[in-house]
Structures are given as C-alpha cells and as structure tokens.
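Our numbering puts the sequence shown at residues 17 to 498. Idealized CB from N, CA, C, for every residue including glycine. Note that this is a predicted model, so its numbers are computed, not measured. Quick notes on the structure that follows.
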Amino acid sequence: MQVREQIYIGGEWVDPAGSDTIDVVSAHSEEVIGRVPDATPADVDRAVAAARHAFDHGPWPHLDPAERAAGIARLSAAIQARAQDIADTISQENGSPKQWSIMGQVFSATMVLDTYAGIAPGYQWVDDRTGALGTPVRVRRAPVGVAAGIIPWNVPLFIAALKMGPALAAGCPIVLKPAPETPLDGYLLADAVHEADLPPGVVNIVAAGRETGEHLVRHPGIDKVSFTGSTAVGRHIGAICGEHLKRCTLELGGKSAAIVLDDWQIDDAALGNLVMSGLMNNGQVCGAQSRILVSRRRHDELVDALAAAVGALKTGDPLEDDTVIGPLVARRQQERVQGFLDAGRSAGARAVVGGGIPEHLETGWYVEPTVFVDVTNDMPIAREEIFGPVLSVIAYDDEAEAVAIANDSDYGLCGSVWTSDAEHGAAVAARVRTGVVAINSAMILDFNAPFGGFKASGIGRELGPEGIAPYTEYQSIILPAG
Ligand code: NAP
Ligand code: MG
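As structure tokens, this is what we get:
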C-alpha cells in the first residue's frame, strides 16, 4: 500500500488544503493499493502561485538553455533511478503489462526528456535578421509563461514527459494534473523532480478529479494548457481556452488504420508488429491501429494468421513477465469495451477470436483480445475509439479504396502501411490524413518528429524540435540601425 499525505508544490511537500483522498485500485486484484490527497482548487491556487513565482521572479526562464537542458537531464536520471518501481506501479494502476511498461511507460518518458535536453542548447531561440528598411530585427522565441499539463491514465509518465520536456526547455514552469486512476506514479515523479533539484515551483504536481482539473484550466495564472485525453473533454477544454485566449495544445483520440498492401510478406515477426500496433498497452493507446484494412484477395490468409497470433497472447496479471494483455484501467472501461463487443455483433461483425471476458479471470477488469471480421467502416466499432484490445478487419478492393476507408474517420492521429516496397508505402502514407504514418512498424511516434492529430484528434504537435514552439511566443525586437 503506497500512502502519501502531502502534495508537491513549490519544491516542497505541503499539506493539502482539504481532507478528501483518492483510493487507487489495482486493475488486476481490484484491491486498494494506494491513497493520496484529492487536491482541491485551493491546492491548485497554491501550485499556480508557486509556478508563477518561478516564472515571474525565478531564474528558470532566464537561464542559459544549456543549464535548463542540464536540469531536464537530471530529472531523466532521477526517473531512471526508480524505473522498475515506477513501471510496476503503473502496471498495477492501469493494467499495463510488465513486459511493455518498463519501455512504454518509463524509458519512453526518460527518452523524451533526454531528447529535449539534447535539443534545447542548439534550438534557434533567437534569429537576428535584416528588417524591411535594412535595419536589424531580432526575432525571439520567448517562453509562453506558466503551463498546465492535464494527464490521462493510459501512459501517465510518458505524457507528463511530453509536457515537461518542451515546457522546461522553453523556460516555462508547469503544473501537472494526473488522472485519479494513476496518481501514484505522479508521486514517484515528484520524488524524482525533488532529487533533480530544479528551482522551486518549476514542476508542481496536483492529482485530482475533474472539478479541480477544470479550475486549473480556467486559472488566470495559467498561460498555456496542454491536454491529452478524450476528444469530448478536449473540445470542452479547447472552448474554455478559446474564451480566455489561453494557448492550448490538444492531443486527443484516434481510430487509426493499418493498411496491409498485397505485396506484404506475412511472417511471425511482421505479424507480431502488426498485432502490437493495435494491442500495445491492452489497446489503451491513442494511436492504436485498431482498424486493419486488407484486400479481399489476401483477407482470409491474414484473418487466419491474426486469429492464431491474437489467440495465443497470454492474458493475465500484468506483473507476470510473460503477460502480453493485462486488464483495463477500471470497471467502467471494461463495461465500455463490452458494450462495443455487443455493438459489433449486433451490427453484423463476427469475432474470430476473443469477444468476451476471459473465463479464467474472474477478478480484474479483463477483456479477451478480440479480432472482429465482416466489419464495415460505418459500424460503431470502426468509427469510435474503443480503447481496449479489440481489432477490426475491414476488406477493400483496391489501394484507392483502402486510403479512402482509412481517411473516412472523424479522427486523424496515426496510421500504418504494411508492404515490401517502403517507397511505395511512403507514397500511400502521404495520402493518409493523419499526423503520423509508420511503414512496417508498430511505432506510433518518433521522439525526433512531431506527433499530433489532424481533424478531431487534436490541435498542435508534441515531440521533435517542433514540440517546443507551442511553449513559446514570438517576440520581435526592432533594433536601431548600426
Ligand atoms: P478524459 O476524461 O479525457 O480525461 C483525461 C484527463 O483530463 C484526466 O486527467 C481527467 O481527469 C481530466 N479532465 C476531464 N475533464 C476535465 C475538465 N473538464 N477539465 C480539466 N480536466 C479534465 O479521459 P479518461 O476518462 O481518462 O478516458 C476516457 C476516454 O478518453 C477513453 O476511453 C479514451 O477513449 C480516451 N483517452 C484518450 C487518450 C489519448 O491519449 N488520446 C488517453 C486517455 C483516454 P478526470 O478523470 O478526473 O476527469
Ligand atoms: Mg477520467
């Protein structure tokens, strides 16, 4: 049982203003595994004040970028020092299988921080150029101010790093609001922040529910909001930011398509990648390739291979080394996914493997890894983000139809093309209206390249040097001649 009684604000552990607590429940055992304070608006006020002080009076925004980079690297090292502890904590909180969580939940986060520690010193913070009248103009990238990071439960530390890396690189203090399902790893992150000895108030962490989260978004001391989560909440937060003219990045849901071309050679390794591109983290990934598009010519061959591969995946305790599919984060998520299984069947789709709750797992919020066939792109299972271990195979006639099906979605986050001709795959990818497309790879993003959505998958980009821009404002300084 991990019990924390204080909140990390202004570089120290402080008592919460209220007395309510959040119970953290294991997705596998359904037992309470931790308890933390449920932060209130008064705690948020205090966290924002600390971050404001760090911005308005602290050294952080004015440090040399190389010094900020050193601080980010210290934070990465402090997280690495507790990597297995964090990975196992997240596995218990949200069901992420141990064999995936050490890389997917923890080292992915430290690699993002290391990436920004690497980018910050050489980033073009200042561009001295010649103005229209021949006189000098200095174009700066000034820090946007104090940032708020609203974090979902599926990859909590990684998404916190997606916010902290570029914010800290740009000179912006941040207030992080972890989700109530996954506050414990946020506490381990706070321990790492403290050990990294960043100036007080540069990183503040307030785990809380919806009302307190919205108070943070609306807080006049917050200049920029970076939100990752559902499209429904993203629309709401975007509307608030619009009203207040706060800068805003929205990283939302997806319904990504894996386009299998006719020349793709199915072998075990390649098939394993295709399966994991849809089922990593139990399908609880915004970029999950949950629609698999295959031509009618190769349909049956691929379905047989998928059924065998997915049917063989070990489902069970996420802390066991050989588990590939763990439980979902919460009972409501298990029920939601069951609702989609029913909706698939009533629309005429057929589960060739899975389709229910695993019989051998009575406790824990498990859903069998499932492959639906006879799916058409108008069915709810093909249109809505399921956020569970459910793949839908959709048949196409030719490549043009495959691209059209991939693009016939409200979302536009990720996608993939599976082919033996990488350049042809890249040409197909260029016709897909999503922020990232991978060729023959389960990767849904690359740390050195921008990540984010077209359409209802969001606004703005994270990662790569491009990920710094949303934490900056251009400032033009018109200099005198000579
Ligand atoms: P969510 O409701 O969008 O919540 C994400 C984060 O936003 C949580 O920290 C949440 O806290 C907070 N939040 C919710 N309403 C808020 C508001 N009005 N103001 C400020 N903060 C607010 O996502 P979820 O409940 O975790 O999952 C629901 C669905 O979202 C999933 O089924 C999945 O489809 C999608 N999802 C997508 C991603 C992604 O990476 N794209 C990640 C996670 C989930 P509370 O939980 O306390 O409301
Ligand atoms: Mg929630």
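Counting along the chain, the unbroken beta strand (DSSP E) around Lys193 starts and ends at 190-193. For the pair Thr198 and Pro172, the CB atoms are nearer than the 8 Å cut-off. For Phe470, the closest C-alpha among the options Gly480, Ala442, Gly431 is that of Gly431. The distance from the Cβ of Arg312 to that of Asp413 is about 6 Å, consistent with a contact at the 8 Å cut-off. Secondary-structure assignment with DSSP links Ile25 through a beta bridge to Glu28.
Sequence-distant partners of Ala186 (beyond 5 residues in either direction) whose C-beta falls short of 6 Å from its own C-beta, in its chain, are Pro159, Ile484, Tyr487, Thr488. If you draw a straight line from the Cα of Ile25 to the Cα of Arg68, it comes to about 12 Å. CA-to-CA, the gap between Asn456 and Phe403 works out to about 22 Å. Between Gly468 and Arg449 the beta-carbon gap is near 13 Å, outside 8 Å, which marks them as no contact. Counting of Cβ neighbours within 10 angstroms places Ala438 among the exposed residues, the total staying below 16. The nearest non-hydrogen atom of the ligand NAP is 7 Å or more from the C-beta of Lys271. Just so you know, the alpha carbons of Asn170 and Arg154 end up roughly 42 Å apart. Here Lys471 is bridged, per DSSP, to Tyr427. For Phe174, the enclosing alpha helix (DSSP H) starts and ends at 172-186. Rounded to the nearest whole angstrom, the CA to CA distance from Gln281 to Gly269 is 30 Å.
Taking every protein chain shown into account, the CB of Asp39 has fewer than 16 other CB atoms within 10 angstroms, so this residue is exposed. Counting the other Cβ atoms within 10 Å of the Cβ of Glu375 gives fewer than 16, which makes it exposed. Spatial neighbours of Gln305 in its own chain (CB-CB distance under 6 Å, excluding positions within 5 residues in sequence) are listed in chain order as Ser272, Ala274, Ser293, Gly294, Ser432. Taking the Cα of Gly138 as reference, the smallest distance to any Cα among Ala97, Ala65, Pro81, Met296 is reached at Pro81.
In this structure Asp239 touches Gly161 by the C-beta definition: roughly 3 Å separates them, less than 8 Å. Remark: the C-beta of Val233 is in contact range of the ligand NAP, defined as less than 7 Å to any heavy atom. In this chain, the alpha helix (DSSP H) harbouring Phe356 covers 347-362.
Note on His78: under 16 other CB atoms within 10 angstroms of its CB, so exposed under the neighbour-count rule. Counting C-beta pairs closer than 8 Å gives three or more between the segment 122-130 and the segment 89-106, which meets the contact rule. Contact between Val326 and Pro385 holds: CB atoms are separated by about 5 Å, below the 8 Å threshold. The Cβ atoms of Arg84 and Leu149 do not sit closer than 8 Å to each other. In the DSSP assignment, Trp280 is bridged to no other residue. Collapsing the DSSP output to three states places Val160 in coil. Residues of the same chain with a CB within less than 6 Å of the CB of Ile95, apart from the 5 flanking positions on each side, are Thr126, Ala208 in chain order. Taken through DSSP and simplified to helix, strand or coil, Leu266 comes out as strand. The beta carbon of Thr37 lies closer than 8 Å to those of Arg51, Val52, Pro53, Asp54 in the same chain, with the five residues before and after it left out. Closest in C-alpha terms to Ala323, from the list Gln121, Gly370, Ala445, comes Gly370.
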